[in-house]
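Here the structure is laid out as structure tokens; the discussion comes afterwards.
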Amino acid sequence: DLESAFLTGSAATSAAGVITSNGTGGGLWSATTTWTGGVVPTATDNVTILNGDVVTLDGITPVCNNLTIGGGTSGTLEYQATPLAGLTVNGNLTVAAGGTFSAGTGTLATHTLNIGSATGAESGVSGSLINNGIFDLNTTAGVTTTFLGSGNESISGTGSTTDFYAITVNKGITRTGATLDVTIPITMSIATVSAARLVITTGTFKISSATDITPVGGTQTVVGAGGRLWLNHASAVYTGGN
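Counting the sequence shown from 1 gives a position; my numbering is that position plus 14.
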């Protein structure tokens with residue numbers, strides 16, 4: 015029998031799309047009129063919210079690849095007051111200088127944000143948070159931010175406010191599988207009742223900044239068998255908790 019010739023060649027995945035807000039004030043994320051070209055972002059699109067635009071998250075399924083909020087002087091992304099809303103950013107989420115990402119003016123504490131692959135912690139798709147503006151998901155409303163994916167990522171930037179309501183770390187499948195490195199000071203919500211506001215299911219939550227996450231008002235930190243909390247800064251503070 016004769017062997018056939020080896021197949022040669024290459025294949026490439028499609029490039030991510032580029033979608034920007036309309037530049038005329040923004041609107042609801044789900045509305046075609048909010049976006050230039052009339053196309054609502056999908057999981058493969060890199061999205062930018064332009065200066066002057068305010069985009070409101072109005073559903074639980076919004077998704078994109080990388081997301082940049084603001085063009086350098088303004089630009090806002092916020093959650094609707096009700097019902098609950100969510101967002102998945104498969105790659106990096108960047109708040110530009112002058113930009114704002116807010117939990118909004120409602121009172122719901124059940125909004126969600128996923129940074130990293132929506133398919134779970136075992137995925138190789140990960141994302142970082144880069145905040146050079148205002149990141150405030152702990153207003154009168156609250157958002158649980160979940161970091162996913164098996165790659166090492168970080169929370170970094172030069173912004174004045176990086177405030178979380180609750181954080182879940184679900185990276186990799188073991189405590190040393192992947193690390194989320196907090197290189198800037200962050201703040202978290204103070205619970206009025208016993209509640210887990212920091213849940214490290216898998217991977218390492220590494221605090222390389224002057225961040226104080228000492229529990230107040232109850233057990234606020236839960237580290238699973240596959241999780242690890244690492245204080246990596248002389249001024250990092252954590253006292254008590256579970």
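Where a beta carbon is used, it is the ideal one built from N, C-alpha and C, also for glycine.
- Taking C-beta separations shorter than 8 Å and ignoring five residues to either side along the sequence, the partners of residue 110 in its chain run 82, 83, 84, 85, 86, 89, 146, 147, following chain order.
- Residue 125: member of the beta strand (DSSP E) spanning 125-129, first to last residue.
- If you check the CB distance, residue 69 and residue 116 do not come in under 8 Å.
- Rounded to the nearest angstrom, the gap between the Cα atoms of residue 174 and residue 189 is 30 Å.
- Uninterrupted beta strand (DSSP E) stretches at least 3 residues long and entirely within the stretch 51-122 occur at 59-63, 68-71, 81-83, 90-93, 100-103, 107-109, 114-116, given in chain order.
- A straight line joining the alpha-carbon of residue 43 with that of residue 73 spans about 8 Å.
- Around residue 246, the same chain offers 220, 221, 222 as residues with beta carbons nearer than 7 Å, after the five sequence neighbours per side are excluded.
- Residue 60 is a Cβ neighbour of residue 80, given a cutoff of 8 Å.
- Secondary structure at residue 160: strand, using DSSP grouped into helix, strand and coil.
- In the structure shown, the three-state DSSP call for residue 172 is coil.
- The beta carbon of residue 225 lies closer than 7 Å to those of 196, 199, 200, 250 in the same chain, with the five residues before and after it left out.
- With 16 or more other CB atoms across the displayed protein chains lying within 10 angstroms of its CB, residue 55 is buried.
- The secondary-structure analysis by DSSP pairs residue 220 across a beta bridge with 195, 244.
- Under DSSP, residue 180 shares a beta bridge with 158.
- Taking the Cα of residue 181 as reference, the smallest distance to any Cα among 153, 129, 154, 171 is reached at 129.
- At a Cβ-Cβ threshold of 8 Å, residue 122 and residue 151 do not count as neighbours.
- Per DSSP, the unbroken beta strand (DSSP E) holding residue 32 starts and ends at 31-34.
- The beta-bridge partner set that DSSP reports for residue 212 consists of 181, 235.
- For the options 48, 47, 78, 71, the alpha carbon positioned closest to that of residue 58 is the one of 78.
- Per DSSP, the unbroken beta strand (DSSP E) holding residue 42 starts and ends at 40-42.
- The three-state reading of DSSP puts residue 201 in strand, counting E and B together.
- Beyond the five residues adjoining it in sequence on each side, residue 252 comes within less than 8 Å, by CB distance, of 221, 226, 227, 228, 235, 243, 245 in the same chain, given in chain order.
- According to the DSSP assignment, residue 144 belongs to the beta strand (DSSP E) that extends over 143-145.
- Relative to the Cα of residue 194, the nearest Cα in the group 120, 159, 239 belongs to 159.
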